[in-house]
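Trainee: Chains as they are written, first to last, in the UniProt record's numbering: chain A, 1 to 492; chain B, 1 to 99; chain C, 1 to 99; chain D, 1 to 319.
By construction, the Cβ of each residue, glycine as well, lies at the ideal position given by its N, Cα and C atoms.
Everything numeric in this text was worked out from a predicted model, so none of it was measured.
I'd like to ask some things about the structure below.
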Amino acid sequence: MTDVMPDPLTLAILLPLFGAIAAFLLPRAAPAIGLGAVVATAAAIAVLGHLVVQAGTIFVPLGGWGAPLGIELRADGLALAMLGLTALIALGVGLGALAAFAGETEVGGQPMARQRAFFWPLCLLLLTGMNGVYLSNDLFNLYVMLEVISLAAVGLAVLGGTVAALRAGLAYMYASLLGALMMLLGVGFVYLQTGRLDLAGLAGAPDSAALSAAFGLMLVGLALKTALFPLHFWLPEAHANATAPASALLSALVVKAGLYILLRLAEAGPFPGEAILTLMGVLGTGAVLWGGVQALRAERLKLLVAWSTVAQMGLIFVALARAGLEGLSDSWRAAALLILAHAVAKAGMFLAAGRIKDVIGHDRISELDRSAVRPALAQLAFALAAISLIGLPPSLGFIGKWSLMEGAMMAGNWHWVAVTMAGTLLSVAYFTRALTGFLRFDRVRAPLDEHRGWALADAPPVVLAGLAVGLGLAAGPILAVLDLGTPFGAIP
Amino acid sequence: MIALSQATIYGLAGLAVFGLGLMGVLGAAERLRRLIALNLCAAGAGMVLIAAAWRSPPAVPDPVPHALVITGIVVMVSATAVALALIRRLHSLETDTDD
Amino acid sequence: MLEIAGTAFMALGALFFVAGTIGLLRFPDVFCRLHALTKADGMGLALVCLSAAIGAPDGGEALRILLIWVFVALASATGGHLVARHARRAGPPVREVRP
Amino acid sequence: MTVLLAFDLLLAASIVGLAAATLLMRDAFAMIVAFIVFGMLLALGWARLVAPDVALAEVAIGAGLSGALLLRTLAHLRGGGLSAQGGASVSAPTNGATQGINALLAGLATCALGLAYLGAPQNVPGLEAHVTDAMPESGVTHPVTAVLLNFRAYDTLMEVVVLLAAVIVVWQVERGLAETPAPALGTVYQGFARVALPVAVIAGGYLLWIGAEAPGGAFQAGAVLGAVAVLGLLSRHVRPAPAHRPLARGTFVAGTAIFALVALGVSGAGRETFEYPPAHAKTLILLIEAMVTVSIAATLAALFHGREPVTVATGKETT
Numbered sequence: 001m002t003d004v005m006p007d008p009l010t011l012a013i014l015l016p017l018f019g020a021i022a023a024f025l026l027p028r029a030a031p032a033i034g035l036g037a038v039v040a041t042a043a044a045i046a047v048l049g050h051l052v053v054q055a056g057t058i059f060v061p062l063g064g065w066g067a068p069l070g071i072e073l074r075a076d077g078l079a080l081a082m083l084g085l086t087a088l089i090a091l092g093v094g095l096g097a098l099a100a101f102a103g104e105t106e107v108g109g110q111p112m113a114r115q116r117a118f119f120w121p122l123c124l125l126l127l128t129g130m131n132g133v134y135l136s137n138d139l140f141n142l143y144v145m146l147e148v149i150s151l152a153a154v155g156l157a158v159l160g161g162t163v164a165a166l167r168a169g170l171a172y173m174y175a176s177l178l179g180a181l182m183m184l185l186g187v188g189f190v191y192l193q194t195g196r197l198d199l200a201g202l203a204g205a206p207d208s209a210a211l212s213a214a215f216g217l218m219l220v221g222l223a224l225k226t227a228l229f230p231l232h233f234w235l236p237e238a239h240a241n242a243t244a245p246a247s248a249l250l251s252a253l254v255v256k257a258g259l260y261i262l263l264r265l266a267e268a269g270p271f272p273g274e275a276i277l278t279l280m281g282v283l284g285t286g287a288v289l290w291g292g293v294q295a296l297r298a299e300r301l302k303l304l305v306a307w308s309t310v311a312q313m314g315l316i317f318v319a320l321a322r323a324g325l326e327g328l329s330d331s332w333r334a335a336a337l338l339i340l341a342h343a344v345a346k347a348g349m350f351l352a353a354g355r356i357k358d359v360i361g362h363d364r365i366s367e368l369d370r371s372a373v374r375p376a377l378a379q380l381a382f383a384l385a386a387i388s389l390i391g392l393p394p395s396l397g398f399i400g401k402w403s404l405m406e407g408a409m410m411a412g413n414w415h416w417v418a419v420t421m422a423g424t425l426l427s428v429a430y431f432t433r434a435l436t437g438f439l440r441f442d443r444v445r446a447p448l449d450e451h452r453g454w455a456l457a458d459a460p461p462v463v464l465a466g467l468a469v470g471l472g473l474a475a476g477p478i479l480a481v482l483d484l485g486t487p488f489g490a491i492p
Numbered sequence: 001m002i003a004l005s006q007a008t009i010y011g012l013a014g015l016a017v018f019g020l021g022l023m024g025v026l027g028a029a030e031r032l033r034r035l036i037a038l039n040l041c042a043a044g045a046g047m048v049l050i051a052a053a054w055r056s057p058p059a060v061p062d063p064v065p066h067a068l069v070i071t072g073i074v075v076m077v078s079a080t081a082v083a084l085a086l087i088r089r090l091h092s093l094e095t096d097t098d099d
Numbered sequence: 001m002l003e004i005a006g007t008a009f010m011a012l013g014a015l016f017f018v019a020g021t022i023g024l025l026r027f028p029d030v031f032c033r034l035h036a037l038t039k040a041d042g043m044g045l046a047l048v049c050l051s052a053a054i055g056a057p058d059g060g061e062a063l064r065i066l067l068i069w070v071f072v073a074l075a076s077a078t079g080g081h082l083v084a085r086h087a088r089r090a091g092p093p094v095r096e097v098r099p
Numbered sequence: 001m002t003v004l005l006a007f008d009l010l011l012a013a014s015i016v017g018l019a020a021a022t023l024l025m026r027d028a029f030a031m032i033v034a035f036i037v038f039g040m041l042l043a044l045g046w047a048r049l050v051a052p053d054v055a056l057a058e059v060a061i062g063a064g065l066s067g068a069l070l071l072r073t074l075a076h077l078r079g080g081g082l083s084a085q086g087g088a089s090v091s092a093p094t095n096g097a098t099q100g101i102n103a104l105l106a107g108l109a110t111c112a113l114g115l116a117y118l119g120a121p122q123n124v125p126g127l128e129a130h131v132t133d134a135m136p137e138s139g140v141t142h143p144v145t146a147v148l149l150n151f152r153a154y155d156t157l158m159e160v161v162v163l164l165a166a167v168i169v170v171w172q173v174e175r176g177l178a179e180t181p182a183p184a185l186g187t188v189y190q191g192f193a194r195v196a197l198p199v200a201v202i203a204g205g206y207l208l209w210i211g212a213e214a215p216g217g218a219f220q221a222g223a224v225l226g227a228v229a230v231l232g233l234l235s236r237h238v239r240p241a242p243a244h245r246p247l248a249r250g251t252f253v254a255g256t257a258i259f260a261l262v263a264l265g266v267s268g269a270g271r272e273t274f275e276y277p278p279a280h281a282k283t284l285i286l287l288i289e290a291m292v293t294v295s296i297a298a299t300l301a302a303l304f305h306g307r308e309p310v311t312v313a314t315g316k317e318t319t
């Protein structure tokens, strides 16, 4: 199918896998191997990008069989954007992890050397699974990939080894497993109805009870995995109690896998009706409001950030629902933009929150201040990420929200505009809680310590958060990439 | 009128097992019981898939669902092992702090 | 002739299994239950294997069935021993039968 | 025919009944045993549906190894033994109202699914015709093995990756736990192990070899060999030590690594990834299966054993 041998699609999946294997075999060299594997994967994705720009959608029939007997990989603009995003975040978080797991001291949990040794195999397995999901064109393969992601993500969530992290990790594991099993049963129903497993098989299928059951199961399962309100119960604790690089990966990437599959299902199949889409928007609204209120009430910085993930995921569902079933062929762009914006900003924000916690020794919001040891660059990164998540121009978040509201207005759905506005106000309110803390002098209780200067560890959050703001200026090219290979059919 | 074929019997039984597992996951209080309930869900989904191998009346069953279910079984034992490791570790830490 | 013998052995084996199961359910303590299980089910298994071996299409198949019998018998004897040993050490004493 | 149908009805009812009984058992030990019996009956059901490969996998992995894992965990929770009543207290679920609503919702959803199932078309062909057409080029003659290792080999590779991920996470979670003293099993067990383990190794090899043309294959063989290793661990024939760690890591990844390397290696010259040259397909599949079998066996045994063997050095990690 492609001139390059072996094809870059397979390499984007297998290179991180080889990296994970090598990092597991050589624990001491894990950071170097890990970063090398991420860079190699990014190179494969760059080659793939070149091919997609030239040829549009690329299919690779693995084993030469082709669908429906074999499994096909598929790459188009949407997949390419997600792949690039994931590589970018893995690189940023990986560099952040170098600093976060440096040193030998142990703070009540796992020894640092062990955390360092195990972070990389799990991170690379996660990358394998994520890239596998983006490139998959087969329902059962998506289920297996989701399980790869689940196990790696749970391993990352409990890396710190504290009781709180383990408890949250187990709850996460159960939610994730149940979601995957619902997806599996849904795949069974698809097979009953169509006799095939590839996504293309959904397209021609007649609307039937079995197919509705399949969609119902898969949507509920994926909603559980993406923590759509009210199935979000597992997310805040799991994301807040993980170590910072793990939180960044979980919040920025893992929840997006379910969303991406939802997009692909909506693209492929006869989506089960206007009402379901509206329901997704309504639940998204619930997430925006409930997540916002809980973020306002959170006492710890990382918990606030985690609740904001619940709210932001809700917003993405609102984006999907903004113009109804007919508007879906355009609404996916708004959703994709918000996915990209949230991923970059949230990765930067969690790394920044982790730095702040490392430097000042706690992350209680009521005691944040402008003390002399203040991690100024991390606070800057937090603020930049907040700008994008709130949606101030020219950030990528602004472009996403603008695109959401524009489509909603054109369809005359003012209620979705109101929801977006309400969510924006709430996000201003809860991020301000943290930001004002960064500016206060009157909370200093301990004697002023010497400013510790800037560390290399400040670079990844600043760069990621800066990108979250700056990429808004590149919205045109990003949209052009998303439209490569025309996902969701022709551009209206 | 629906013909009560062999596959239909096991398919419906599979759905019932999945439903029971679902109830267990939602209702069980203990960690082990929830995990077993999840395993029941997996078994139920597997039964539906294996029954799906017999829909059209061929002489031999469709091997693809068989392969899928074997994959599912291996995936499930992996997940079970991870969950059990978490349970054991949590138990150790909790009994340490409680005493 | 062989077919009749096979069926008869199978039925007899099933009868032993039923007896063993009744013993498992009705007997008062671990040791009695174990007695019922290992003895009756061992016999039942032997008969069922014999029946299956008679019905086997060729000698190789029959040999494999007999091997299965040998190993299941070994395993169940060992398992029975382990259960009894554990019960003797950890559990309550043998229940006295009152006249 | 009707007698068999009655048997199927009885078996299906028993399966559902055992699933319910498993969840209703008050004692955790009884619950696990019921779950294992459930797995056995399930395998019988799958044998009735002419899915012997799946039945084998279910008995060996779904019921057997899962059961062993569950029992080992229960022993840990109860402080070394299974009969002690302390530790994992089996409390009755609380909050009846929520429970009722949940049960009602799950029941309604299941009924809806049942209706949808009955409404599904009965005459849509599956992929069996495609499989039959492609079988001559697959390198093996057993369709399930062809699907697992050729047509959908990519899924199978990822399945082995899931196993690898599991053992990495288990090692990461459970480091440095003090070893629970293994129960002394006595001379009868030791004698049994001495006879049974070599035979089981042969049986595993046989399952692997026969998989190319008949039910069996890497997963069933790996499960049997994994059970051998578990028995070896229990009888103390196998004693994991810190020095074994590099070997263990190598064994865990061998299957995944070889599988992925072969998949990439055969590509090129107009061939896609995973597209084995027909002349070498059988050799390559057997090579992959052999490596995967060894990896699966080692991984399953490691999942049972749990913790990574480490020298207790820091002193911070106690029990």
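Comparing alpha-carbon positions, which option in C:ALA8, C:ARG88 and C:ALA90 lies nearest C:ALA46?
Mentor: Numbered from its first residue, the third sequence carries residue 46 of chain C at position 46. Residue C:ALA8 is the option with its Cα nearest to C:ALA46.
Trainee: Along the segment 58-79 of chain A, what residues have a CB closer than 8 Å to any CB found in chain D?
Mentor: So the close ones are VAL60, PRO61, LEU62, GLY63, GLY64, TRP65, PRO68, LEU69, GLY70 and ILE71.
Trainee: List, in chain order, every chain A residue whose beta-carbon is nearer than 7 Å to that of D:PRO151.
Mentor: Along the fourth sequence, one-based indexing puts residue 151 of chain D at 151. Sequence inspection shows Phe at residue 151 of chain D; the Pro mentioned does not correspond to that position. Result: GLY63, TRP65, LEU69 and GLY70.
Trainee: Chain D partners of C:ARG85, CB-CB under 7 Å?
Mentor: Here residue 85 of chain C refers to the residue found at position 85 of the third sequence. Simply GLY186.
Trainee: D:ALA196 CB to nearest chain C CB: under 8 Å?
Mentor: The residue you call residue 196 of chain D lines up with position 196 of the fourth sequence. Yes, contact with chain C.
Trainee: Mind listing which residues of the segment 11-29 of chain B have their C-beta closer than 9 Å to chain D's C-betas, in chain order?
Mentor: Here the close residues are GLY11, LEU12, ALA13, GLY14, LEU15, ALA16, VAL17, PHE18, GLY19, LEU20, GLY21, LEU22, MET23, GLY24, VAL25, LEU26, GLY27, ALA28 and ALA29.
Trainee: Of the residues B:ALA45, B:ALA29 and B:GLY14, which one's Cα is nearest the Cα of D:GLY96?
Mentor: Mapped onto the fourth sequence, residue 96 of chain D falls at position 96. With distances taken between Cα atoms, D:GLY96 lies closest to B:ALA29.
Trainee: For the ligand ADP, I want to know if D:ARG239 counts as a neighbour, meaning its beta carbon is within less than 7 Å of at least one of the ligand's heavy atoms.
Mentor: The model on display carries no ligand, and the ligand ADP is accordingly not part of it.
Trainee: I need the straight-line Cα distance from D:ASP8 to B:ALA13, nearest angstrom please.
Mentor: What you label residue 8 of chain D is simply residue 8 of the fourth sequence in a count that begins at 1. What you label residue 13 of chain B is simply residue 13 of the second sequence in a count that begins at 1. Those two C-alpha atoms are separated by around 11 Å.
Trainee: Helix, strand or coil: which one does DSSP assign to A:PHE59?
Mentor: Position 59 of the first sequence, counted from the start, is the residue given in the question as residue 59 of chain A. Here A:PHE59 sits in strand by DSSP.
Trainee: Name the chain D residues whose beta carbon is nearer than 9 Å to that of C:LEU45?
Mentor: Working through the third sequence from its first residue, we reach residue 45 of chain C at position 45. Neighbours of C:LEU45 on chain D: none; closest Cβ ~14 Å, over 9 Å.
Trainee: Compute the beta-carbon to beta-carbon distance between A:PHE118 and D:GLN172, rounded to the nearest angstrom, for a pair I have assumed lies under 8 Å.
Mentor: Here residue 118 of chain A refers to the residue found at position 118 of the first sequence. Here residue 172 of chain D refers to the residue found at position 172 of the fourth sequence. 4 Å between Cβ atoms; contact.
Trainee: Which residues of chain A have a Cβ atom closer than 8 Å to the Cβ of B:ARG31, listed in chain order?
Mentor: Locating residue 31 of chain B in the second sequence gives position 31, where the first residue counts as 1. The contacting residues are LEU170.
Trainee: Note the first and the last residue of the continuous beta strand (DSSP E) segment covering A:ALA75.
Mentor: Position 75 of the first sequence holds residue 75 of chain A. That run of the beta strand (DSSP E) goes 72-75.
Trainee: Could you pull the DSSP bridge partners for A:ARG333 from this structure?
Mentor: The residue given as residue 333 of chain A occupies position 333 in the first sequence. The partner list for A:ARG333 (beta bridge, DSSP) is empty, contrary to what the question assumes.
Trainee: Kindly list, in the order they appear in chain D, the residues whose Cβ is closer than 8 Å to that of A:ILE45.
Mentor: On the first sequence, residue 45 of chain A is found 45 positions in, with the first residue counted as 1. Under the 8 Å cutoff, chain D gives no residues; its nearest Cβ is about 16 Å from A:ILE45.
Trainee: Between which two residues does the alpha helix (DSSP H) containing D:VAL140 stretch?
Mentor: The residue labelled residue 140 of chain D in the question sits at position 140 within the fourth sequence. Neither: D:VAL140 is in no alpha helix (DSSP H) and is coded neither H nor E.
Trainee: If you follow the alpha helix (DSSP H) that A:VAL158 is in, where does it begin and where does it stop?
Mentor: The sequence position of residue 158 of chain A within the first sequence is 158, counting from 1. Where A:VAL158 is concerned, there is no enclosing alpha helix (DSSP H), given that its DSSP letter is neither H nor E.
Trainee: How far does the alpha helix (DSSP H) with A:GLN379 in it reach, from first residue to last?
Mentor: Locating residue 379 of chain A in the first sequence gives position 379, counting from the first residue. Note, A:GLN379: alpha helix (DSSP H), 376-390.
Trainee: Between B:ALA53 and chain D, is there a C-beta pair that is closer than 8 Å?
Mentor: As a position in the second sequence, residue 53 of chain B is number 53, starting the count at 1. Judged by the 8 Å Cβ criterion, B:ALA53 is in contact with chain D.
Trainee: For A:ARG196, count neighbouring C-beta atoms within 10 Å of its own C-beta (all shown protein chains included) and say buried if the count is 16 or more, exposed if not.
Mentor: By one-based count along the first sequence, residue 196 of chain A stands at place 196. So A:ARG196 counts as buried.
Trainee: Which residues in chain D have a C-beta closer than 9 Å to the C-beta of C:ALA75? List them in chain order.
Mentor: Here residue 75 of chain C refers to the residue found at position 75 when the third sequence is read from its first residue. Correct list: PHE192 and ALA196.
Trainee: Does the CB of A:GLY221 have a neighbour CB from chain B at under 8 Å?
Mentor: Translated into the one-based positions of the first sequence, residue 221 of chain A becomes position 221. No, its Cβ sits nowhere closer than 8 Å to a Cβ of chain B.
Trainee: Spatial neighbours of B:HIS66 within its chain, please: CB distance less than 8 Å, with the 5 preceding and 5 following residues excluded, ordered by chain position.
Mentor: For the purposes of this step, residue 66 of chain B is taken as the residue at position 66 of the second sequence. ILE50 and ALA53, listed in sequence order.
Trainee: My parser needs the alpha helix (DSSP H) runs of 4 or more residues fully inside the segment 401-446 of chain A; what are they?
Mentor: Entirely contained in the segment 401-446 of chain A, the alpha helix (DSSP H) runs reaching 4 residues are, in chain order, 414-439.
Trainee: Tell me the rounded alpha-carbon separation between D:PRO278 and D:ALA260.
Mentor: Counting from 1 along the fourth sequence, the entry for residue 278 of chain D is found at position 278. Counting from 1 along the fourth sequence, the entry for residue 260 of chain D is found at position 260. Each residue's alpha carbon lies about 18 Å from the other.
Trainee: Report yes if the CB atom of A:ARG300 is closer than 8 Å to the CB atom of A:LEU482, and no otherwise.
Mentor: Within the first sequence, the letter at position 300 stands for residue 300 of chain A. Within the first sequence, the letter at position 482 stands for residue 482 of chain A. No, the Cβ-Cβ distance between A:ARG300 and A:LEU482 is not below 8 Å.
Trainee: Can you name the residues of chain B whose CB is closer than 9 Å to the CB of D:HIS237?
Mentor: Translated into positions along the fourth sequence, residue 237 of chain D becomes position 237. Within chain B, no residue comes near D:HIS237; the closest Cβ sits about 22 Å away, beyond 9 Å.
Trainee: If you check the beta carbons only, do A:LEU95 and A:PRO375 fall under 8 Å apart?
Mentor: Taking the first sequence and counting its residues from 1, one reaches residue 95 of chain A at position 95. Taking the first sequence and counting its residues from 1, one reaches residue 375 of chain A at position 375. No; because the gap between Cβ atoms is not below 8 Å, this pair is not in contact.
Trainee: Can you list, in chain order, the residues of its chain whose CB lies under 8 Å from that of A:LEU181, leaving out five sequence neighbours each side?
Mentor: Taking the first sequence and counting its residues from 1, one reaches residue 181 of chain A at position 181. GLY221.
Trainee: What residues match up with D:GLY268 in a beta bridge as DSSP calls it?
Mentor: For the purposes of this step, residue 268 of chain D is taken as residue 268 along the fourth sequence, with counting starting at 1. According to DSSP, D:GLY268 bridges with D:ARG271.
Trainee: If A:ILE58 sits next to A:ASN141, beta carbons under 8 Å apart, how far is it from one beta carbon to the other, in whole angstroms?
Mentor: Numbered from 1 along the first sequence, position 58 holds the residue referred to as residue 58 of chain A. Numbered from 1 along the first sequence, position 141 holds the residue referred to as residue 141 of chain A. That belief does not hold up - the Cβ atoms of A:ILE58 and A:ASN141 are roughly 17 Å apart, past 8 Å.
Trainee: What residues in the segment 115-131 of chain A bring their beta carbon closer than 7 Å to a beta carbon of chain D?
Mentor: Against chain D - using a Cβ distance shorter than 7 Å - the residues of the segment 115-131 of chain A are PHE118, PRO121, LEU122, LEU125 and THR128.
Trainee: Does the segment 327-343 of chain A come within contact of the segment 257-267 of chain A, defined as at least 3 CB pairs closer than 8 Å?
Mentor: In short, these stretches touch, since the Cβ pair count reaches three.
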